[in-house]
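Engineer: Here it is: the structure, laid out below.
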Amino acid sequence: MPRKLMFPLWLALLLAACQTTIAPDQIAGLKPAKPKAHEKITITYQPAAKDAQLKDAEAITAHVLIGYEKEQPRLLELAMQKKEKLWQADFTLPGEKPLLLLYRFAAGNKIDDRSGNSWYSLIFDNGKPVQGSHLTLATLLRQQEYVNFKIAGTPEQSREELEKELAIYPNSAPANSLLWRLQLREKPGDSTKAAIKTSLERVYEANKDNEDAVAVLLNWFVQTDQADRAESIRNDWVRKNPKGKLALYQAMIKIGQQGDSAQRIAEIEQLLAHDALPEEDRESLQSMLIEEYARIDWIDQARDFLAKMDKPKAHLYNALAWPLIENGRHLSQAVELAGKGVELARRTGSDCKPSYLSQADWDNVQKDALASILDTYGLGLFKTGKTAEAEAAYAEAYAINRGESPDINARLVESYVKNGKYDKAIQVAEACLSAAKADINLIQHYRAAWIKLNGSAAGFEAQLKKLQDLGKNHSFTKLAESRMNKPAPDFTLPALNGGMVTLSEQKGKVVVVDFWATWCGPCKMSFPFLQQMYERYQKNPDVLILALNTWEREKGPQREQLVRRFIKENNYTFPVLFDANYVEKYGVTGIPTKFIIDKQGQIAFQSIGFNGGEDMIQEMTAEIELLLAE
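Add 27 to a position in the sequence shown, counting from 1, and you land on the number used in the working numbering.
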């Protein structure tokens, strides 16, 4: 009887344990599925999967971004090896207390992140997610971006992760803090505050010896009408730990409240000597100090401070030189400082790269920094009559920025005109206009060059219109590529001036929805420009601009009175609605946030924050005009 050929079970199990398995349609995965700190992790990419975007890549790099409890995030760029039909790489989580990792894949400039939804994994210990892991994911699902990794999520998914965190770690101060903030947004009022006050007592009692947790909880004592107790707790911690986090926060608040620049400088200098000062706070204080030096013309003190730095930074030289040059003060010294900044920007190497940036991203940051300080240096040279050197600085900045900065573009054209190079001025101006990267100053210098070269302004206006039309088409093409196309949540909300406004009844119109609050600095900075946009389209029946007031601390009649007074004092005339937590349905993570909604009720564009009035007007105008043309 012939012997049966048998494969030993123990050998099959051993070989299976040595392989990283992945389902046929699964694009990527990790092994182990519940990764732990300080153990080997294998990351796998399957190009044959149906939705994989790097099917024929000759080389693939895995990008792994790790979030930590206290450290800055770290980016690992892992060269993957091809093993049969799979690409794989091994790594170990570095650092202390990792909480979450995001990952995606790259082949050259092409990225596979599931179309803006990076893969992620919690971090585990003893079979359960470490404290802060579910919370970090909850935060990212709300923010939908971490560094430059995108992740898709909804408020509901975020809330689920928060509840999972609290189920495992019910006394987590940051998790409870997020929960209380959401509860107040969802149901503002005394009953919610009373419930929070009860929970706060429990969480504080469990964390009263943990300064990091107490720092999170203090504001909630204020929010629940216990400001005196918050002050008492803070003072106790400052006394027993004068170099701790709460002492640092108290010193920072004092600096912010200090009205005298000389006294503020003294307090900043004292705080910079703090041994335990976190690096991010140190850099922020250094910038603040330079701004104060410049404000009161303490140029020698500023130069001494910069000269004594172990690692001087180009952006600090720029921060000192720019306001002096812009306002025509201490020009010779300011130009020298800007020149020093240029030297530093050229020398900055990879040793200064933040842990969360890729080398390619860091190179781009450095190029932008060099272009910025070259612009400052060029303006200083121009103002001191050294127009040939100014032209060279502007030309280099223009090349680095690839003509993306309207300010630099205008100054380069101006320098060409000043130096009699009218043909070059026209060449650059026309390139910038056709790319929609020109402002009013560039147009003025372009006109001057045209007249010098042609002897008159004949034909200028026709050529300008032609170029501006090209610029508009260029903008439309780029905007179309970034269009979102997702349904706008419908709402019916009360208006400040009476009546109700329903979004779904505005079909056929382009609608701007701008979430804001009276306490929000960037919101208030943006409003004069929102008013300009309103006045521009006020008579167009196909455009509606709505400012949705949200996240106010005051409720009911007090809120209405506060908003009415704010709008009246600033002479704003655009329609204002009172949000009833639709801010959550829109997935807003910070204000101001604007949504541009097309005629079919789809969100076409979204912008977060305020980056300057001119940029805001140009961006909104291009978006509205594109949607009107449909």
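All C-beta atoms in this analysis are idealised placements derived from N, C-alpha and C, irrespective of residue type, glycine included.
Less than 9 Å between the beta carbons of Val537 and Leu347, yes or no?
Structural biologist: The count along the sequence shown starts at 1 and reaches residue 537 at position 510. The count along the sequence shown starts at 1 and reaches residue 347 at position 320. Note that the C-beta distance between Val537 and Leu347 is not below 9 Å.
Engineer: How about the segment 184-191 and the segment 210-229: do they share at least three Cβ pairs that are nearer than 8 Å?
Structural biologist: With fewer than three CB-CB distances shorter than 8 Å, the segment 184-191 does not count as touching the segment 210-229.
Engineer: Give the list of continuous alpha helix (DSSP H) stretches no shorter than 4 residues that lie fully inside the segment 571-624.
Structural biologist: Listed in chain order, they are 583-596 and 609-612.
Engineer: By Cβ distance, which residues of its chain are closer than 7 Å to Leu164, with the 5 residues on each side in sequence left out?
Structural biologist: Along the sequence shown, one-based indexing puts residue 164 at 137. Cβ contact annotation for Leu164 (same chain, cutoff 7 Å, sequence separation greater than five): Leu127, Tyr147, Leu149 and Glu188, in chain order.
Engineer: Would the segment 477-497 count as touching the segment 640-657 if we require 3 or more Cβ pairs under 8 Å?
Structural biologist: Touching, no.
Engineer: Just checking my contact of Gly636 with Gly617 at CB under 8 Å: how many whole Å lie between their CB atoms?
Structural biologist: On the sequence shown, position 609 is the one that residue 636 refers to. On the sequence shown, position 590 is the one that residue 617 refers to. Right, their Cβ atoms sit about 7 Å apart.
Engineer: Which residues share a DSSP beta bridge with Gly56?
Structural biologist: The sequence position of residue 56 within the sequence shown is 29, counting from 1. Paired residue(s): Thr71.
Engineer: Suppose only complete runs of 4+ residues qualify. What are the alpha helix (DSSP H) ranges in the segment 500-533, listed by chain order?
Structural biologist: Correct list: empty.
Engineer: Scan the segment 157-208 and note each continuous alpha helix (DSSP H) run of 4 residues or more that stays entirely inside, going in chain order.
Structural biologist: 160-170 and 182-195
Engineer: In whole angstroms, what separates the C-alpha of Leu589 from that of His357?
Structural biologist: Your numbering for residue 589 matches position 562 in the sequence shown. Your numbering for residue 357 matches position 330 in the sequence shown. So the alpha carbons of these two residues sit roughly 45 Å apart.
Engineer: Which residues in the same chain have their Cβ closer than 6 Å to the Cβ of Ala475, if we skip the five residues on either side of it in sequence?
Structural biologist: Walking along the sequence shown from the start, residue 475 turns up at place 448. Within its own chain, the residues whose Cβ lies closer than 6 Å to the Cβ of Ala475, once the five positions on either side in sequence are excluded, are Val444, listed in chain order.
Engineer: For the alpha helix (DSSP H) holding Asp327, just list the boundary residues, first then last.
Structural biologist: Position 300 of the sequence shown, counted from the start, is the residue given in the question as residue 327. Its alpha helix (DSSP H) spans residues Ile326 to Ala334.
Engineer: Kindly indicate which residue of Gln284, Asp287, Asp337 and Gln290 has the alpha-carbon position closest to the one of Glu310.
Structural biologist: If you number the sequence shown from 1, residue 310 lands on position 283. Glu310 has its Cα closest to that of Asp337, out of Gln284, Asp287, Asp337 and Gln290.
Engineer: Is it buried or exposed, Pro619, if we count other Cβ atoms within 10 angstroms and call 16 or more buried?
Structural biologist: Indexing the sequence shown from 1 puts residue 619 at position 592. Answer is buried; the Cβ neighbour count reaches 16.
Engineer: Check whether the Cβ atoms of Val540 and Phe622 sit closer than 9 Å, and answer yes or no.
Structural biologist: By one-based count along the sequence shown, residue 540 stands at place 513. By one-based count along the sequence shown, residue 622 stands at place 595. Yes, Cβ-Cβ distance for Val540 and Phe622 is below 9 Å.
Engineer: Quick check: what's the CA-CA separation for Asn345 versus Asp395?
Structural biologist: To locate residue 345, count along the sequence shown from 1; it is residue 318. To locate residue 395, count along the sequence shown from 1; it is residue 368. Roughly 13 Å between the two C-alpha positions.
Engineer: Have a look at Gly583 and Ala341 and give me their C-alpha separation to the nearest angstrom.
Structural biologist: Residue numbering aside, residue 583 sits at position 556 when the sequence shown is read from its first letter. Residue numbering aside, residue 341 sits at position 314 when the sequence shown is read from its first letter. Cα to Cα, the separation comes out at about 50 Å.
Engineer: My assumption, with CB atoms under 8 Å, is that Gln25 sits in contact with Val265. Please give the rounded CB distance.
Structural biologist: The question about residue 25 has no answer, for the chain in this structure spans 28 to 657.
Engineer: Go ahead and pull the three-state DSSP assignment for Tyr383.
Structural biologist: Within the sequence shown, the letter at position 356 stands for residue 383. Correct three-state label for Tyr383: coil.
Engineer: Tell me which residues share the same chain as Lys499 and place their Cβ nearer than 8 Å to its Cβ, disregarding the 5 neighbours each side in the sequence.
Structural biologist: Counting from 1 along the sequence shown, the entry for residue 499 is found at position 472. Ala463, Ala649 and Glu652, listed in sequence order.
Engineer: Can you tell me whether DSSP reads Gln559 as helix, strand or coil?
Structural biologist: Walking along the sequence shown from the start, residue 559 turns up at place 532. Gln559 falls in the helix class under three-state DSSP.
Engineer: Would Gly405 and Arg438 be called neighbours here (beta carbons separated by less than 9 Å)?
Structural biologist: Your numbering for residue 405 matches position 378 in the sequence shown. Your numbering for residue 438 matches position 411 in the sequence shown. Yes. Within cutoff.
Engineer: Please determine, among Asp287, Leu312, Glu307 and Leu401, the residue with the shortest C-alpha to C-alpha distance to Leu298.
Structural biologist: Position 271 of the sequence shown, counted from the start, is the residue given in the question as residue 298. It is Leu312 whose Cα lies nearest to the Cα of Leu298.
Engineer: Just mark Gln386 as buried or exposed, buried being the case when its beta carbon has 16 or more other beta carbons within 10 Å.
Structural biologist: Within the sequence shown, the letter at position 359 stands for residue 386. Flag for Gln386 reads exposed.
Engineer: In angstroms, rounded to a whole number, what distance separates the CA positions of Gly143 and Ala179?
Structural biologist: By one-based count along the sequence shown, residue 143 stands at place 116. By one-based count along the sequence shown, residue 179 stands at place 152. Note on geometry: alpha-carbon atoms of Gly143 and Ala179 lie some 7 Å from one another.
Engineer: Kindly indicate the opening and closing residues of the beta strand (DSSP E) around Pro125.
Structural biologist: Within the sequence shown, residue 125 is the residue found at index 98, counting from 1. Annotation: the continuous beta strand (DSSP E) that includes Pro125 extends over Pro125 to Ala134.
Engineer: Considering Cα atoms alone, identify which of Leu364, Asn354 and Trp349 is closest to Pro339.
Structural biologist: On the sequence shown, residue 339 is found 312 positions in, with the first residue counted as 1. Closest by alpha carbon: Leu364.
Engineer: Could I get the ranges of all uninterrupted alpha helix (DSSP H) runs contained in the segment 337-361, with 4 residues as the minimum, in chain order?
Structural biologist: 341-353
Engineer: Touch check for the segment 73-84 and the segment 162-177: three-plus C-beta pairs under 8 Å?
Structural biologist: no
Engineer: Inspect the beta-carbon positions of Ala134 and Glu85 and report whether they are closer than 9 Å.
Structural biologist: In the sequence shown, counting from the first residue as 1, residue 134 sits at position 107. In the sequence shown, counting from the first residue as 1, residue 85 sits at position 58. Yes, these two residues count as a Cβ contact at 9 Å.
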